[in-house]
Structures are given as structure tokens and as C-alpha cells.
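Residue numbers (our numbering): 19 to 156. We put the beta carbon where it would ideally sit given N, CA and C, even for glycine. Given the structure is predicted, the values throughout are model-derived calculations rather than measurements.
Put into C-alpha cells, the structure is as follows:
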């Protein structure tokens with residue numbers, strides 16, 4: 019990858035929906051050059067896909083939280099699989115430190131949030147969890 023590839027990726031990070039013409043103009047190269055570079059980046063697995071960024075998910079009608087999970091023994095896979103089975107778990111990450119997993123949770127209301135916490139507490143292999151509500155962007 020050279021400077022042009024890095025600049026192209028930078029533009030795509032800002033707006034993955036930008037047209038080839040817009041990218042070419044911003045980079046000062048032809049549309050064909052952008053197309054060729056993009057094709058090569060995709061073929062070489064530098065770019066694995068494109069995504070959609072949604073409007074800020076912190077809306078007043080949603081409850082969002084982070085659950086940190088300590089797993090007992092060698093149960094990480096089982097616990098991760100069970101947590102992924104909860105539809106309110108939006109993302110799941112492995113981590114270091116005293117906790118093994120971090121789950122991003124989103125619920126419609128506190129009642130649903132309470133049910134999710136209760137369900138998570140029954141998952142075999144969870145030694146301990148700590149959950150924090152996300153209040154407002156800092």
C-alpha cells in the first residue's frame with residue numbers, strides 16, 4: 019500500500035458511500051485509477067467490506083449498557099455463544115484484565131433490561147458480572 023491507497027481508505031472511512039468520481043476528485047487522480055485501486059484493496063483483503071453508520075444510537079427511548087463478564091474456567095466459548103443468543107446484546111468483545119468479555123446491550127426499557135440481566139446471570143460459566151448504564155455521550 020502506498021500513500022494514495024492510505025488516502026483512499028481515509029476518504030472511505032469518512033464516507034464509504036462516496037462515488038468514484040468524488041473520490042477521484044478529492045485524490046486528484048482519474049476515476050479509473052480509483053476503481054483499480056479499490057479493486058486491488060478488495061482483492062487483497064485490505065478492505066473486507068463496507069458498512070453503514072447509523073445516527074447516534076443514544077436516543078432517549080433506548081436503554082444502553084456495558085456488561086463486563088468474568089468467565090470461570092474454560093467456559094469462554096460457551097458463555098460468548100449464550101450471550102450472543104440474547105437479541106439485546108448488540109456486540110461482544112473479548113478483553114484483558116479482571117473481566118474476560120464485554121457485552122454492549124441495548125433494550126427498549128428498564129423492564130426488558132432487567133430481564134436481560136436476569137438471563138445473563140443464569141448463564142453457566144459466568145463467575146461475575148458488572149454492568150454500567152450508558153447515560154450520555156461525553
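- Here residue 87 is buried: its Cβ has 16 or more other Cβ atoms, across all protein chains shown, within 10 Å.
- The three-state secondary structure of residue 89, taken from DSSP, is strand.
- Bounds of the beta strand (DSSP E) holding residue 146 are 144 to 151.
- Between the alpha carbons of residue 33 and residue 27 lies a distance of about 10 Å.
- Taken in chain order, the whole alpha helix (DSSP H) runs of length 4 or more contained in the stretch 21 to 65 are 21 to 32, 38 to 45, 49 to 61.
- Among the bridge pairs identified by DSSP, residue 107 is matched with 123.
- For the 9 Å CB-CB criterion, residue 141 and residue 97 form a contact.
- With fewer than 16 other Cβ atoms inside 10 Å of its own Cβ, residue 46 counts as exposed.
- For residue 117, no alpha helix (DSSP H) segment is defined, and its DSSP state is neither H nor E.
- Separation of the CB atoms of residue 122 and residue 84 is rounded to 6 Å, and the pair is thereby assigned contact status at 8 Å.
- In the three-state DSSP reduction, residue 138 falls in the helix class (H, G or I).
- Residue 80: not part of any alpha helix (DSSP H); DSSP gives it neither H nor E.
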